[in-house]
Amino acid sequence: MNEDRSVPRAAVCIIGAGPRGTSVLERIAANAPEILGDREFAIHLVDPFPPGAGRTWRTTQSELLWMNSAAEQVTMFPGTSVRCAGPARPGPTTGRWLRESGRGPLHDDRYASRPAQGRYLQEFFHLVRARLPPNLRLHVHRATAVDVRHPGAAHQCVVLDGGLAVPAPQLVLAQGHTDVETDRPHGLVRIGPARADEAELGRIPDGAPVVVRGLGLVFVDCLLLLTEGRGGRFARSRHDGRLHYRPSGREPLLYAGSRRGVPPYPKPAHDLTAPAPPPRHLTAAACRALLRRPGFDFDRDVWPLALQELCRAYYHELFTAHPERTRMDRAAFAAQYEHFAWHDDRAAKLVRAAVPDPDDHFDPDRLTDPLAGLRRVGPLALQQRVRAHLRDSVRRRRDPRHSAHVAVVRALGTVGGVLGELYNGGELPPAAAAAALRRFSVGAFLSSGPPPLRMEQLIALSEAGVVTFTGPGTTVTAEAGHAGVAHDVDARAEVAHDVDARAGEARTAAAHAAAARAVFRASSPRVRASYTAQILLDARLPDPDLARTADPLLRRLLTAGHISEETAPDASGRPRATGAVRVRDGHPVDAAGRAQGTWYLAGPEQFPHADTDAGFFRRNDEIARAVLRHAAGGGPRRVSRGS
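Residues in the sequence shown are numbered from 248 upward in steps of one, following the working numbering.
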């Protein structure tokens, strides 16, 4: 095994050259003149994929794959709004760069393709590289890190899959979302969980029935690759403006379900009329006071305050932007509402008096469980119910009349930021952090969906019979072959009759053919149908699972005890492995409970938005300054927990 001894011994190795690793590189370059002066420092950037874009944003993937954040919001340049010790380095958003460079169109008026975002990220990397101070020497390794030799020692080295060992007294882990090893039942095909992969989806034969688990962003990506990517076309009717799908005949038959039974809400196509009010009840100070109470319970003490903030934001926007739909002065309503707790009957009475149309009332249960009340319906009734919900969600996200729903999304981000600040500072205990993550999963459902056009395309694919929804609470099991699948045949035929009688015959034949073979079965307790196929598409990002990670470096470090797995109390209070790397003050913790003081964890995170004090930049700046201070002789430095 060879060691590269041609670089300065003061060095850091960044594992992962995607957005997070590249941003850490930029922050090192920006802070180096202040902390290092003219001392030489080597930076090793390790990733088998091109730097800047990394794997997720590689420029060679299909243009059918889009971002789900508006291009005008996304930036890799930390501007003056970021409260960090390092210098600001303003620059263009993705949208502005694409307009000025002509390197890609915007889809649905606002969204860049993933390859276009990859080109922006690669341009950012090249700019950072060109601006490096002369005493910083960057070494890019198109390789995979597989081990660390002499961990924690001054002569620590990172071993690459080609055999090279690069000296790296400090280490930044920035791999992003990593794949996990999954079970592969005998005689069946399982794809995922992972990001949409064109090569993997190519294993699905034309016309094959496929059980799909997950209706989120990965599902939408897979959906487009399996339909439009196979020659199908969408066309908008001149008569009613609705989108229709023209099949190519190569599409598989997708039986898709999830916990809620519907996809996340699409992204809003409009913004707020007036700035949202700052948090009043759920502030960092209020949370700290609650945390000091004996018997603190997140669900009882904090979550009602979060709902109060969402409600305040909703009605602030409704009264400000749409006063014609209210019967009370905004200031008077707000003054009275502040006296009531979220669950107070008097608050509900005030809302009924001030807002006459029940459709304008803030109803979190209706928002978060659109199929509530569904009880053992037939498959055709389910398809009609889901399509109606999807049409309504597109209407609300496109029509500024419903901007109050956007206010809820923005407020979720603000409230989540308050709790994130406490967590990153180590002030939120593990049980409270676990409860917050569980509660705020609703935030992803309300705010992290695809562009509205993607939801219109899903409706069209459902109407064309390419997608059949399986219902809320869908479970998928692997079963040995058997006879007696008439129930499945009937369910498929009923749905197909709504589309095309010939499609019903094809589904019936497919069900009979599957009867004697092992199958995946998808079923919902609230729908009178189940669906079988020999292919399962796990259309989800995998949950963190350090014990089954496919990343060779993390797997090796865990086996050797150099890193360990985080735990959190379960419902009974017993510790349970979370699948995440255990971290203390920003440093991974080994099996003996010691923090690896010269290692830093830079976990995956959403793209930062322009003109916001994005935590993405603040934490990357903290890591960079800690790395540089250690190189300058200041020893290991604490960084925030969220790093």
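We put the beta carbon where it would ideally sit given N, CA and C, even for glycine.
Since we're looking at a predicted model, the values are computed, not measured.
First and last residue of the uninterrupted beta strand (DSSP E) at residue i
i, result
"Q364", "Element bounds for Q364: not the beta strand (DSSP E) but the alpha helix (DSSP H), 361-377."
"E726", "722-726"
"W304", "Unbroken run through W304: none, as it is neither H nor E."
"P719", "714-719"
"L804", "From DSSP, L804 is part of no beta strand (DSSP E) but of the alpha helix (DSSP H) over 799-806."
"Q417", "417-420"
"A824", "822-828"
For residue i, three-class secondary structure by DSSP
i, result
"A390", "coil"
"D592", "helix"
"A879", "helix"
"E287", "coil"
"E813", "strand"
"D868", "helix"
"I275", "helix"
"G263", "coil"
"V689", "helix"
"S777", "strand"
"Y512", "coil"
"V602", "coil"
"F296", "coil"
"G663", "helix"
"G862", "helix"
"S770", "strand"
"I451", "coil"
"H569", "coil"
Rounded straight-line distance, which links the Cα of residue j to that of residue i
i, j, result
"D858", "V329", "8 Å"
"S777", "V458", "10 Å"
"A765", "R775", "22 Å"
"S270", "E556", "33 Å"
"C260", "V405", "8 Å"
"L788", "A441", "5 Å"
"D606", "D646", "15 Å"
"A849", "T779", "41 Å"
"L312", "A582", "47 Å"
"P699", "P515", "7 Å"
"F767", "G349", "46 Å"
"F609", "R343", "36 Å"
"D832", "G673", "8 Å"
"P697", "R286", "47 Å"
"P266", "M323", "8 Å"
"R506", "P617", "12 Å"
"R865", "R644", "31 Å"
"T340", "E310", "20 Å"
"S495", "A443", "21 Å"
"P835", "L345", "38 Å"
"L239", "A289", "Outside the modelled stretch of the chain, which goes from 248 to 890, sits residue 239, for which no answer is possible."
"H636", "C469", "22 Å"
"I706", "G488", "13 Å"
"A332", "A873", "11 Å"
"V736", "P626", "The predicted position of V736 is uncertain, since its pLDDT is 43 and thus under 50; a value taken from the coordinates is nonetheless stated next. Distance between the alpha carbons of V736 and P626: 12 Å."
"L919", "V723", "Outside the modelled stretch of the chain, which goes from 248 to 890, sits residue 919, for which no answer is possible."
"D868", "L420", "15 Å"
"Q631", "F466", "20 Å"
Among the options, the one whose alpha carbon lies nearest that of residue i
i, options, result
"D394", "A711, D798, H877, A878", "D798"
"G338", "Y367, W313, H354", "Y367"
"A415", "L345, A392, E428", "A392"
"T615", "G690, A531, W846, E813", "G690"
"R559", "R540, G409, L529", "L529"
"A838", "Y847, I810, P855", "I810"
"T573", "A824, A635, A600", "A600"
"A588", "A553, Y502, D604", "A553"
"D604", "L565, R305, A446, A332", "L565"
"G461", "G478, G454, A455, G439", "G439"
"S239", "L659, A815, F371, E703", "One cannot answer for residue 239 here, as it falls past the ends of the chain, which runs 248 to 890."
"P352", "A317, A683, G268", "A317"
"L875", "G263, L374, Q422, A276", "A276"
"I282", "Q417, V375, P334", "P334"
"L292", "R450, A264, M314", "A264"
Whole-Å CB distance - residue i paired with residue j, under 8 Å assumed
i, j, result
"A871", "R274", "4 Å"
"P295", "A390", "6 Å"
"A896", "I782", "Shown here, the chain extends from 248 to 890; a query on residue 896 therefore has no answer."
Residue range of the unbroken alpha helix (DSSP H) whose run includes residue i
i, result
"H636", "626-645"
"H491", "Unbroken run through H491 is the beta strand (DSSP E), 490-493; no alpha helix (DSSP H)."
"Y584", "577-584"
"S348", "341-348"
"D468", "464-473"
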